[in-house]
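Number of protein chains: 4
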Amino acid sequence: MTSSEEGGLYRSRLGKEMDEDALNYLSSLRDDEEIFLEDIEGTEAHVIMLYEQGIISKEEARQILRALEDLKKEATEGRVELRGGFEDIHELIESYIISRVGREIGGKLHSGRSRNDQVALDIRLRVRKYLLEIWRETLALGNALLSRAEEQRETMIIHYTHLQHAQVGYVSHYLLAHLDHLLRDLERIKACYHRTNRCPLGACAIAGSTLPLNRDRVAELLGFEDLVENSIDAVSSRDFALEAVAITAIMMTNLSRIAEDLIIWSSSEFGYIELPDELASPSSVMPHKKNPCVLELLRAKSGRVIGLLTGLLAMMKGIPTGYNRDLQEAKKPLWEALRETRDSVKILTKVIEGISFRKDRMLESISGSYAPAIELVEALIKYSKLPLRDAHKLVGSLVRRLHEQKKALKDSDPSILNELSQEILGKEVTLPEDVFKEVVNPMEVAKTRKTAGASTPKEIEKMINDRKKRLGEVAGEFEGNLKNLLKSKEKIEESISMLISGP
Amino acid sequence: MTSSEEGGLYRSRLGKEMDEDALNYLSSLRDDEEIFLEDIEGTEAHVIMLYEQGIISKEEARQILRALEDLKKEATEGRVELRGGFEDIHELIESYIISRVGREIGGKLHSGRSRNDQVALDIRLRVRKYLLEIWRETLALGNALLSRAEEQRETMIIHYTHLQHAQVGYVSHYLLAHLDHLLRDLERIKACYHRTNRCPLGACAIAGSTLPLNRDRVAELLGFEDLVENSIDAVSSRDFALEAVAITAIMMTNLSRIAEDLIIWSSSEFGYIELPDELASPSSVMPHKKNPCVLELLRAKSGRVIGLLTGLLAMMKGIPTGYNRDLQEAKKPLWEALRETRDSVKILTKVIEGISFRKDRMLESISGSYAPAIELVEALIKYSKLPLRDAHKLVGSLVRRLHEQKKALKDSDPSILNELSQEILGKEVTLPEDVFKEVVNPMEVAKTRKTAGASTPKEIEKMINDRKKRLGEVAGEFEGNLKNLLKSKEKIEESISMLISGP
Amino acid sequence: MTSSEEGGLYRSRLGKEMDEDALNYLSSLRDDEEIFLEDIEGTEAHVIMLYEQGIISKEEARQILRALEDLKKEATEGRVELRGGFEDIHELIESYIISRVGREIGGKLHSGRSRNDQVALDIRLRVRKYLLEIWRETLALGNALLSRAEEQRETMIIHYTHLQHAQVGYVSHYLLAHLDHLLRDLERIKACYHRTNRCPLGACAIAGSTLPLNRDRVAELLGFEDLVENSIDAVSSRDFALEAVAITAIMMTNLSRIAEDLIIWSSSEFGYIELPDELASPSSVMPHKKNPCVLELLRAKSGRVIGLLTGLLAMMKGIPTGYNRDLQEAKKPLWEALRETRDSVKILTKVIEGISFRKDRMLESISGSYAPAIELVEALIKYSKLPLRDAHKLVGSLVRRLHEQKKALKDSDPSILNELSQEILGKEVTLPEDVFKEVVNPMEVAKTRKTAGASTPKEIEKMINDRKKRLGEVAGEFEGNLKNLLKSKEKIEESISMLISGP
Amino acid sequence: MTSSEEGGLYRSRLGKEMDEDALNYLSSLRDDEEIFLEDIEGTEAHVIMLYEQGIISKEEARQILRALEDLKKEATEGRVELRGGFEDIHELIESYIISRVGREIGGKLHSGRSRNDQVALDIRLRVRKYLLEIWRETLALGNALLSRAEEQRETMIIHYTHLQHAQVGYVSHYLLAHLDHLLRDLERIKACYHRTNRCPLGACAIAGSTLPLNRDRVAELLGFEDLVENSIDAVSSRDFALEAVAITAIMMTNLSRIAEDLIIWSSSEFGYIELPDELASPSSVMPHKKNPCVLELLRAKSGRVIGLLTGLLAMMKGIPTGYNRDLQEAKKPLWEALRETRDSVKILTKVIEGISFRKDRMLESISGSYAPAIELVEALIKYSKLPLRDAHKLVGSLVRRLHEQKKALKDSDPSILNELSQEILGKEVTLPEDVFKEVVNPMEVAKTRKTAGASTPKEIEKMINDRKKRLGEVAGEFEGNLKNLLKSKEKIEESISMLISGP
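Protein chains in written order, with the numbering used here: chain Y, 482 to 984; chain G, 482 to 984; chain W, 482 to 984; chain X, 482 to 984.
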């Protein structure tokens with residue numbers, strides 16, 4: 482693409498060309514790469530409507546659309562370079578069209594439109610696309626968690642609190658916990674998608690236009706569900722963008738916790754998992770290293786997304802209502818946050834699919850663990866009718882003694898309990914030997930849990946089945962939205978080709 | 482309230498008392514004031530269920546419930562001081578009950594429960610309440626905007642972009658734009674409310690319990706819509722809290738823009754509005770001052786809420802899955818963000834209700850404004866068939882000339898256009914005198930707008946009627962949720978009083 | 482204290498009392514507890530100067546100072562309750578003085594002063610004090626790190642990168658690394674202290690006063706090093722406060738990394754350290770738990786301080802120059818950040834002093850580690866003249882083979898190298914047996930390091946001696962500043978007592 | 482540049498090539514453009530030292546240096562494209578050298594070095610350069626403020642608090658206030674520069690090397706002032722980077738306040754300043770617009786830098802000590818924050834130099850202002866011996882009455898005071914007519930101020946002279962640092978050319 486006009490298209494009132502440093506400072510051309518195609522598509526819908534409303538002639542529409550289609554093709558093939566003395570993509574494209582079809586026709590392109598509503602449109606089109614991509618990748622991660630959960634349903638692991646042994650349980654249960662978080666993330670993504678999928682075009686600068694524009698028609702052509710009706714709201718608000726980044730920040734923050742778990746679990750000292758070689762990084766100088774770099778980066782990127790959200794909010798804070806140039810700066814962190822999130826979800830899916838669980842190392846931890854102490858307390862409540870507080874005290878003392886003796890809980894027997902109870906509680910406490918043995922056996926204790934949603938085979942089974950269904954429903958909704966967009970895309974392409982080819 | 486036991490209730494395994502500095506550092510007692518009543522209520526539901534499941538006897542339940550009711554009464558009357566050597570409110574309350582009914586009975590209170598699921602419960606109860614309050618206050622602010630919009634529907638104002646005159650319009654339209662933002666805020670509040678309103682109790686430490694707890698029953702007694710089923714998810718996740726703060730941050734950020742507008746409008750130089758005396762602040766030393774301090778504070782508090790959100794996200798970032806003590810620190814910013822938001826919405830409602838619009842000053846700005854230039858451009862498109870780009874150039878030159886001559890747009894006439902068009906476009910451009918006069922008349926031009934959602938009386942009328950209906954629907958949903966909570970409250974109170982009074 | 486006047490002292494121009502909700506929203510009384518004494522001290526200096534400059538009489542000064550001294554005494558004894566209808570502490574104190582000595586005299590107190598410069602003064606006095614406290618606690622933490630480093634200079638540990646084994650080294654070296662970070666933190670604290678220690682009083686509302694105030698004298702009485710000269714700068718800028726929070730955020734972020742290390746090291750799987758019982762927390766339900774809660778909280782509080790900094794910056798962003806009420810909201814996060822940092826440093830000092838290092842567990846990790854692979858590479862460079870890249874490749878293959886054979890590096894011998902080198906590099910590579918054996922012996926290899934600042938006994942010794950000296954110097958500077966403040970405190974107390982008691 | 486090897490240089494231990502998605506996710510190549518030259522320079526210093534220490538031969542050094550110089554030349558001419566399957570710039574450059582001089586020689590390049598210390602070096606070199614650029618631009622902005630302050634020393638303006646009229650003063654005083662802030666920014670930049678200017682190379686992976694590396698020599702060749710001695714500290718700490726971003730965030734936050742002032746002042750309603758055409762932006766559709774876009778962007782970018790700082794801190798929070806891949810992600814926000822700050826300072830300098838002050842509009846505001854009310858209060862204190870509180874009350878009532886009568890303060894006379902004082906204070910208060918007239922005359926009152934640093938010609942004069950001197954001193958320090966770097970650059974270039982050309 483070459484452009485005969487180099488910027489300055491709109492400076493009719495201003496006496497001088499813009500200072501070069503100021504232009505470099507102002508220009509968003511580089512960040513606008515993200516909305517190049519969106520700007521063309523939005524412009525095409527606008528032009529079709531201008532023609533339908535009699536604001537431009539059929540021939541004018543045809544010429545402009547042809548030039549836009551050419552540009553789209555060049556852009557898709559990577560033949561357009563975003564440079565020149567333009568403040569932004571909007572000026573660049575308008576200048577391009579004028580250079581192709583002449584000022585008499587090309588100069589009508591922007592009728593009834595302002596960059597204020599135009600950029601709001603482009604951003605919504607782009608965020609809509611990103612949200613669909615994140616939606617798709619999140620479904621994939623959910624499926625990965627689910628299928629590993631199914632596969633590993635008998636693999637036991639310690640469940641940690643404070644990074645200390647808490648209770649014995651199942652790897653599946655851990656994976657399903659994060660699936661449940663993802664299902665809520667998906668709810669948030671869906672709601673944000675629908676709030677984003679509304680059309681601001683037609684708001685013009687801020688107060689609407691005296692030209693007979695048909696806002697509903699443009700919205701329909703572009704696959705929007707509704708208008709952002711109030712014209713000030715349409716050009717001034719960015720809450721859909723803040724929301725998109727906020728929900729990805731929440732999501733990434735949780736994914737960073739998975740990353741942290743897996744990083745710790747892949748240390749030599751834990752050794753619970755092993756990354757596949759193709760996802761691990763070497764050291765430039767330590768030949769023995771196998772580093773979980775993708776997970777560390779994901780953890781860092783969660784920090785980055787937090788910062789991007791903060792920056793966005795800080796930008797919007799305290800600026801006047803209406804379009805202010807501050808809003809331009811909101812684009813960059815928006816793309817970055819959505820892109821980083823999409824890519825992070827994708828890579829984590831590969832990690833979840835690829836890691837091997839080292840059952841031997843997990844069992845090693847379990848076998849010497851005092852974790853069943855909590856179930857021993859509960860057994861004393863059930864069978865020995867001890868108040869929790871006494872049972873807790875008694876078992877606490879038992880653990881302390883075993884710890885001093887460097888003895889595992891599973892190797893103790895009820896006689897110590899009897900003995901200690903005299904000393905600690907001033908009365909004898911007994912527990913049937915078989916109950917005791919079952920409870921302190923870390924391989925068995927998890928199976929005896931009774932509560933809904935517990936880390937126990939029966940509950941895990943139930944949750945796997947239920948979540949499979951739920952994920953399917955969300956996938957269905959995703960497909961539905963995708964289909965709607967494709968349908969509207971076909972429709973607008975039809976309109977374009979009819980106009981272009983027609984007599 | 483006095484407590485015979487001073488902390489240390491749970492330290493059975495640890496040999497020494499906790500270091501005093503460490504206890505001060507750890508203790509969340511002061512922040513737990515917010516969940517004092519919630520902790521009692523949650524405990525009551527737990528105790529009723531323990532009795533119903535046969536884990537404690539009726540007499541035990543009765544005594545514990547009596548003590549809890551007493552404590553609730555003392556708390557409501559402000560007679561409880563939250564101090565002593567306790568790590569948190571949970572330890573304090575359990576210690577209190579034990580001191581009242583003895584260890585044999587009181588020591589059973591906590592059976593099948595951990596502080597991990599207990600605090601998750603309390604936080605959800607409290608956030609639920611805050612979200613309802615914010616919902617209510619936001620409805621009030623929406624109503625205030627709506628009724629001022631109705632009242633001021635003929636008051637004209639300049640709509641600004643870049644804090645420069647953009648287009649002439651109506652005060653109503655400005656107010657309605659912010660109402661539309663609030664309606665989306667309300668959608669977000671509602672969704673977050675339902676995600677929050679789920680019961681984590683019964684997850685115990687992290688993996689569930691071997692006692693026959695009935696999780697659904699506790700959820701029902703406390704008015705929850707569902708469980709947070711997976712036990713790891715129940716104790717480890719705080720996405721509902723992050724979401725609550727995120728949506729209030731988005732909301733506050735937008736309110737800060739209203740504050741900024743009103744601060745600028747109440748400067749001497751703008752003079753568009755006047756705050757009522759009872760909402761303005763004086764200076765300690767400048768007797769002439771009337772400062773819009775509440776608005777400045779609201780603007781600052783939007784910054785604060787951004788920081789609270791950031792802090793929360795940063796806390797959660799990169800910590801292992803499961804309960805970690807880090808989660809304790811999340812409580813303080815959570816309460817602060819929700820409280821500040823609720824209070825800010827409330828005060829802004831008073832401001833919106835109380836300000837007077839100074840039409841004289843607004844008209845003064847309008848009357849000398851070049852803002853109708855954009856509609857002059859559109860008239861040239863419509864009547865003179867000029868391409869927008871030429872019309873823009875021509876009117877730009879016109880404005881420049883008028884500006885040099887210190888002449889207002891409304892005082893010019895079409896002859897200058899004709900003259901300039903020769904010079905600028907190399908051809909004569911004419912516009913009928915009456916069209917020209919209507920368009921450059923800033924008092925009339927806004928009425929000629931044609932687009933949906935424009936700042937024009939017809940559209941404003943339509944939006945007022947529609948939004949009235951929508952606000953009513955959201956108010957209805959709010960009432961519904963409130964009623965559900967009240968119903969469940971009655972139910973649990975009935976259960977308690979039956980158990981307490983019964984034989 | 483009781484006050485006959487309840488707020489509204491300054492509302493002479495405004496027709497109505499302030500709305501109660503607005504007053505609650507506006508009032509900073511609760512946050513002002515932090516500057517209660519500072520406000521009195523600053524007022525005393527102001528009053529002495531007013532007298533010295535002939536603006537008030539000796540008798541007037543005497544009566545006001547007496548009342549202020551009384552109030553100070555009541556405040557120190559905790560007998561003053563900060564409530565009533567006041568916007569802030571300044572109005573409360575002025576009202577109190579007027580209620581004590583009458584309006585004719587008390588009404589002169591505020592001459593030549595505005596709340597704008599007064600609150601800037603109070604904040605600087607308070608931040609100055611906090612910075613000294615943080616300085617003191619940081620010195621203590623530095624000393625703790627240093628003395629544990631001296632004590633543990635022979636304790637070996639794995640140095641990790643990516644939480645994977647990197648190189649074998651010494652616990653001392655780890656502790657000294659964090660001491661070096663602290664030394665830079667101390668440089669930043671010191672610089673911020675001196676930038677804070679400047680007097681804004683006398684700037685009045687924003688432009689100075691027509692009264693003959695002596696700004697230098699007030700500065701001298703309060704121990705300041707200089708004025709904040711420009712009156713707009715004095716009331717409008719808060720960069721000293723932002724800087725104070727920024728440097729504590731940087732510091733806390735690094736301390737959170739120590740916390741993370743220690744949390745991981747106190748897991749069962751690592752088991753490198755044990756917390757003393759008095760710094761560990763129990764579980765309410767799991768009798769076996771010993772949780773590193775203070776460290777988790779410190780980690781969380783680093784997140785909180787990040788949020789407080791963000792909030793502060795966001796508040797200041799984009800507000801007009803001059804005093805705006807936004808600045809009031811900056812006080813709360815300021816106190817919180819400085820207090821949390823001070824307390825966190827203090828608790829970490831206790832942790833560093835109290836933890837035991839479990840050499841057995843550390844040696845267990847070391848003995849099976851492939852970490853010396855890097856030194857084996859270097860030996861191949863030195864003795865076998867291999868290019869690093871070949872040596873890296875060769876040793877990488879060696880490690881891979883040993884890993885498959887589940888064999889430790891230290892149990893291999895040079896013959897495998899010879900064998901592998903044919904296969905990998907196509908030539909024989911030999912390494913003297915003794916060199917090989919020294920290098921793969923994880924107990925010996927660290928001693929052979931040659932570079933400045935390495936984890937090797939000689940370098941550690943050198944650094945211990947040097948850092949001892951440096952810490953001493955910083956302690957000396959701290960004492961110097963403390964002494965200066967005490968001297969000025971004596972001076973002002975002398976002036977007060979002379980004026981009070983004098984004839 | 483072409484590279485025969487495509488990544489994977491270090492994967493000797495790992496069995497498979499890296500997954501392509503993982504490589505894309507991991508690769509920092511694009512962000513590393515910023516440190517391309519730095520990496521070459523650091524490598525050259527390392528190679529010279531390796532030769533001097535006898536680790537590589539002269540011929541090996543020569544060949545490697547030649548290839549590096551070639552690459553540097555290609556890079557400077559923009560002929561190198563940063564792509565290929567490399568994880569980062571370090572791998573790319575090493576691969577390039579190997580492809581040029583062969584593995585036997587090129588494979589020695591990285592001896593005794595790890596990417597961990599190498600990237601720490603590169604970042605410090607780059608941050609050092611950025612800090613110098615910001616230092617230079619800040620000096621330029623300081624000079625612009627100073628020279629406009631000199632020029633405008635008689636231009637009067639209202640000083641605002643709460644965006645309400647506070648006191649009458651001078652434009653100069655406003656400009657000087659911001660100069661004083663900049664002088665503190667410069668102190669912070671300088672201190673950060675010296676903390677950054679230390680050499681981490683030689684720390685190797687984390688614990689130092691067994692090769693006889695000379696760390697001091699490398700530091701000298703690269704112009705560093707000292708080592709980052711402790712090897713863990715050298716590879717693990719990023720406090721210098723956090724500090725650099727923190728101080729720019731503080732600076733940008735203050736610059737955003739200047740931007741806010743100027744945006745408000747360029748509104749039609751204020752009209753205090755006019756931007757030169759070459760720094761103003763037009764509208765695409767409103768021909769009358771002249772938008773202060775550069776200032777709005779600067780305001781937004783201050784929000785962005787706040788977010789970048791937050792992101793950086795959040796990334797570093799809670800990661801283990803040592804190099805973690807998280808640190809890679811810290812580069813991007815670092816470059817962005819420093820670049821945005823440098824460019825913002827530069828553009829603001831142009832704005833300050835270019836704006837015209839519209840004295841007529843400022844005087845219009847002044848002439849009807851009640852701002853001198855504060856000086857009237859002070860006159861009542863001085864001449865009428867009224868307590869401030871009474872004077873404040875009296876003048877407050879006066880202003881209220883004038884406001885109701887729509888009368889300016891300067892048009893009132895002392896008789897109203899007498900009259901009102903009876904009513905308000907119950908006694909007659911008189912003020913000499915000439916005193917009254919001087920004080921209520923807004924054109925005269927500012928000249929009567931007596932306090933140090935006030936907005937009054939004498940003080941402004943004094944401050945201009947003093948600041949001129951101070952700015953000169955800071956400029957001198959800047960030149961000194963620049964000269965040191967140039968000197969060391971010459972030295973290393975000499976070493977290189979001797980080695981390259983020598984026999």
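Just so it is clear, CB atoms sit at the ideal spot from N, CA and C, and this is done for glycine as well.
Cutoff 9 Å: P868/Y Cβ touching any chain G Cβ: True, the Cβ-Cβ gap to chain G drops below 9 Å.
G565/G versus V876/G, S576/G, T557/G and G583/G, residue with shortest Cα-Cα distance: S576/G
Buried/exposed call for R511/X, threshold 16 Cβ in 10 Å: exposed
Any 3 or more C-beta pairs closer than 8 Å across the stretch 798-809 of chain G and the stretch 765-782 of chain G: no
Nearest candidate by alpha-carbon position, reference E834/G, set D915/G, L760/G, E519/G and I537/G: With distances taken between Cα atoms, E834/G lies closest to L760/G.
Proximal residues of chain W, C-beta to C-beta of R806/G below 9 Å: S762, N772, P773, C774, V775, L776, E777, L778, R780 and A781
Own chain partners of H662/G with C-beta closer than 6 Å, once the 5 adjacent residues on each side are dropped: N735
Any chain Y beta carbon closer than 9 Å to G792/X: yes
Simplified DSSP assignment, three categories, for I438/W: Since the first and last residues shown for chain W are 482 and 984, residue 438/W lies out of range.
Rounded C-alpha distance that separates E942/G from P681/Y: E942/G and P681/Y have their alpha carbons spaced roughly 20 Å apart.
Whether L549/Y touches F517/Y by CB criterion (9 Å): Their beta carbons are not under 9 Å apart, which means L549/Y does not touch F517/Y by this criterion.
Given 8 Å, three or more beta-carbon pairs between the stretch 745-760 of chain Y and the stretch 684-694 of chain G: no
Cutoff 9 Å: K827/X Cβ touching any chain Y Cβ: yes
Collapsed DSSP secondary structure at Y506/G in the structure displayed: Note: Y506/G maps to helix in three-state DSSP.
Within 7 Å of chain Y by C-beta, residues of the stretch 736-768 of chain W in sequence order: I744, I745, S748, S749, E750, F751, V766, M767 and P768
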